[in-house]
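Visitor: Provided herewith is a single structure, encoded as structure tokens, for subsequent inquiry.
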Amino acid sequence: MNTFQLECFLAVADYLNFARAAEHLHVTQPAVTQQIHSLEKELNVKLFHRTTRTVKITEEGKIFFEDARRMVDISRRARKRFENPDERKIQLLSIGSYSFGQMFLLAPVLRKLSKQYPNLHPRLQAVPFQHLYRLLEEDDMDAVIGFKEPDNKKIPAAYREIIKVPLVCICSPDHPMGQYDAVTIDDLKEEKLVLIDPAKAQSDAAQLQGQLISGRTPADVYFCESAESAVVLVEAGFGISVLPELMIPPDLPLARTAIEELGLVSFGIYYKSLKDNEPLKSMLKIFKEDLSGKEPFSWKKHILE
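Under the numbering used here, the sequence shown has 20 at position 20, and the numbering climbs by one with no breaks.
Set out below in structure tokens:
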């Protein structure tokens, strides 16, 4: 079955006349007749009753009509997409991350980027951590957004820092710890903890989690698969969590408390090459401008008493 057969069928069904159908299609009448016979043989049904005077569509033909029309429409749309070479040219930009929370940071960046590149087609992927950088190495991604990995992980890509952010303690607004501007690591050791699976946590957060759970019973620790699920449990009052500030949705009713003794962690973009990738170059610039304009987490050195 091919589109010419279907177009012949639809033309005969519209005109109920083989000669007029052939004229409409700019072919000979025998050509139309041959295509209809071939189609009937393939479908194993009679599509038209034909006499020397009349042509009538059969019940089987009526049933097939809508299918034929849809198939021809799909074929025409597919051809039309590629009629103008300038219009069909698109610019793919594949970006990966291991957290949906980090993906949400891209919306304002991509909005600005789309104005520079009208044919931009972003491809966003949230991929398990263990596969993320392999996809980048194999050129299945243009870039990975996330926190800087320790040097001993030897990521096969260049890294561009966008912003430095603090690790913060989050808790429900009615939690006593939420009333303070800053706490120490020792202050956290008696609290119930909502933590991310160490294999999926940002490296600095994973190290701090290791300190906090030392000597704790399983009943005091809730492990989560992602920062998003940890935030939900914290908001529900199951305990406190420790996360990079950038991973916490700003509009949630959570108390954010700075942690003394801790420095800032680096957030940025890993990429193999910027060569011949103008959208990625522009994205790096826009991303840095957008995040650099954010108000940093401010806190006073007010320690729990």
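Each residue gets a CB set at the ideal place from its N, CA and C atoms; glycine is no exception.
Determine whether the beta carbon atoms of C169 and L188 lie at a separation below 8 angstroms.
Guide: Cβ distance < 8 angstroms, so C169 and L188 count as in contact.
Visitor: Using a 10 Å radius around the Cβ and a threshold of 16 neighbouring Cβ atoms, would you call S97 buried or exposed?
Guide: S97 comes out buried.
Visitor: Helix, strand or coil: which one does DSSP assign to K115?
Guide: K115 falls in the helix class under three-state DSSP.
Visitor: Quick one: what's got a C-beta closer than 7 angstroms to V221's C-beta in the same chain, skipping five residues either side?
Guide: Correct list, in chain order: L193, L195 and I213.
Visitor: Hey, how far is the Cα of C8 from the Cα of A22?
Guide: If you take the alpha carbons of C8 and A22, they lie about 8 angstroms apart.
Visitor: So what's H121 in DSSP terms, helix, strand or just coil?
Guide: Looking at H121 - three-state DSSP - the assignment turns out to be strand.
Visitor: Just checking, does the segment 195-204 make contact with the segment 171-183 on the three C-beta pairs under 8 angstroms criterion?
Guide: Result no; under three Cβ-Cβ pairs closer than 8 angstroms.
Visitor: If you drop the 5 nearest sequence neighbours on each side, which residues of the same chain put their C-beta closer than 8 angstroms to that of D197?
Guide: Taken in chain order, the residues that qualify are F223, C224 and E225.
Visitor: Beta strand (DSSP E) containing H49: first to last residue?
Guide: Taken as a continuous stretch (DSSP letters only), the beta strand (DSSP E) holding H49 covers F48 to R50.
Visitor: Find the nearest neighbour of E138 within the set K272, V165, E289 and K281, judged by alpha-carbon distance.
Guide: Here the closest residue by C-alpha is K272.
Visitor: Just list the residues that DSSP pairs Y222 with in beta bridges.
Guide: Note: Y222 sits in a beta bridge opposite V194.
Visitor: Taking all protein chains shown into account, decide if F104 is buried (16 or more other Cβ within 10 angstroms of its Cβ) or exposed.
Guide: Flag for F104 reads exposed.
Visitor: Identify which residue in P122, E149, I248 and N119 has its Cα closest to the Cα of L132.
Guide: The option with the nearest alpha carbon to L132 is E149.
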